[in-house]
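Right, one structure below, let's go through it.
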Amino acid sequence: MKKSTLEILNISEYESKITLRNTDASVLNSIRRVMINEIPTFAIDLVYIEINSSVMHDEFLVHRLGLLPLSSHFAHEFRYTRECDCEQYCPKCSFKFSMDVYAEKNPKSIFSTDLINFDKKDNMHNQQINPIHFSTLIEPLNDRPILIGKLGIGQRIKLIAIAKKGIGKEHAKWSPVSVIRIKKNFSFFLNLKEINNLINQKTKEKISRILSHLFSFEKSKKNLEYTQTFLQTGKNFSKLDLINFSKILAKKGVNINKLIDQENGNDTFEIYLESTGALNTTEIFQKSIQIIKKKLNLI
Numbered sequence: 181m182k183k184s185t186l187e188i189l190n191i192s193e194y195e196s197k198i199t200l201r202n203t204d205a206s207v208l209n210s211i212r213r214v215m216i217n218e219i220p221t222f223a224i225d226l227v228y229i230e231i232n233s234s235v236m237h238d239e240f241l242v243h244r245l246g247l248l249p250l251s252s253h254f255a256h257e258f259r260y261t262r263e264c265d266c267e268q269y270c271p272k273c274s275f276k277f278s279m280d281v282y283a284e285k286n287p288k289s290i291f292s293t294d295l296i297n298f299d300k301k302d303n304m305h306n307q308q309i310n311p312i313h314f315s316t317l318i319e320p321l322n323d324r325p326i327l328i329g330k331l332g333i334g335q336r337i338k339l340i341a342i343a344k345k346g347i348g349k350e351h352a353k354w355s356p357v358s359v360i361r362i363k364k365n366f367s368f369f370l371n372l373k374e375i376n377n378l379i380n381q382k383t384k385e386k387i388s389r390i391l392s393h394l395f396s397f398e399k400s401k402k403n404l405e406y407t408q409t410f411l412q413t414g415k416n417f418s419k420l421d422l423i424n425f426s427k428i429l430a431k432k433g434v435n436i437n438k439l440i441d442q443e444n445g446n447d448t449f450e451i452y453l454e455s456t457g458a459l460n461t462t463e464i465f466q467k468s469i470q471i472i473k474k475k476l477n478l479i
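Under the working numbering, the first residue of the sequence shown carries the number 181, and numbering increases by one thereafter.
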């Protein structure tokens, strides 16, 4: 079996696109399930409401708070509440926030920035767990943070919120993944020997110019050959390449369909991953691999 390879097509803090070659769909599905369900993050799990004179029910407000993404880069340093010695929460397994918003003279909107964390000195690991207000550093200049609700004149919300460590298998609010899409890319091979017999030298030179990343024209043999770069990437044609190639051959009366071999054995997958902001995409991928390795060691 060929060694699996990974190619990063595009990567940023909250989204990435990668290609995996020579792997199995079951492996990709395992990684996907672990990313969604088993990577620990922080989310608000307990809320003590002191005052709520808004039109929002307590349950609705708590649900909105629970879905706020919290930075969870240090989640591995904390305990799960079920494994902790405390009764409900403590600095070893949780993080505390407060909110006190009062619309005294004008209607007021409640944003994620109104959720204030307590002094980090109260925290066992001296770390800050903050809400993710914006998806990029540019957004604060143009956009507002996450909207939680709105208050009418004279209305007030005052509460204490407790964030705890958990995984997506317990509740979706702990999942660090917003979107994950896996697409299989099929490999196409061409009978190059037959093609060289069917077309003239002028057409071969034209193909080598238009599809220079795929073919080169060997003057000594007067034949088309695959480029070295193309051979190293596993001889995978894109559909766009095939369309352009077929148009050139069609003008010479050559039907490309008779020269194509679609190879299903060479499994190449494209993965698109988008994070909620709790963890960046690199962390999500690395942690999912670590969890799978740990599971395999237990077998």
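Glycine included, every Cβ here is placed at the ideal spot set by N, Cα and C.
Predicted, not measured: the structure shown is a model, and the values here were computed from it.
Asked                                                                                                        : Found
C-alpha gap between Y452 and K419, whole angstroms                                                           : 19 Å
E463 in three-state terms, based on DSSP                                                                     : helix
Identity of the residue in L422, S206, V227 nearest E239 by Cα                                               : V227
Bridge partner(s) assigned by DSSP for A341                                                                  : V227, F277
For R480: DSSP bridge partner residues                                                                       : Because the chain spans 181 through 479 in this model, residue 480 falls outside it and cannot be assessed.
Distance CB(P356)-CB(A458) smaller than 8 Å                                                                  : yes
DSSP state of F298 mapped onto helix, strand, coil                                                           : coil
Simplified DSSP state of D265, which is helix, strand or coil                                                : coil
Local conformation of L321 per DSSP, three classes                                                           : For L321, the predicted model reports a pLDDT of 49, less than 50, meaning its position is unreliable; a value from the coordinates is still stated below. It is helical.
Reduced DSSP secondary structure (H/G/I, E/B, other) of T203                                                 : coil
Among L186, I337, S210, the one whose alpha carbon lies nearest that of K475                                 : S210
Stretch-stretch touch, CB-based, cutoff 8 Å, three pairs: the segment 245-262 with the segment 368-386       : no
Ranges of the alpha helix (DSSP H) found wholly within the segment 368-396, counting only runs of at least 4 : 372-378, 381-390
Contact between the segment 274-290 and the segment 337-352 (3+ Cβ pairs under 8 Å)                          : yes
F222, DSSP secondary structure in three states                                                               : strand
I312, DSSP secondary structure in three states                                                               : coil
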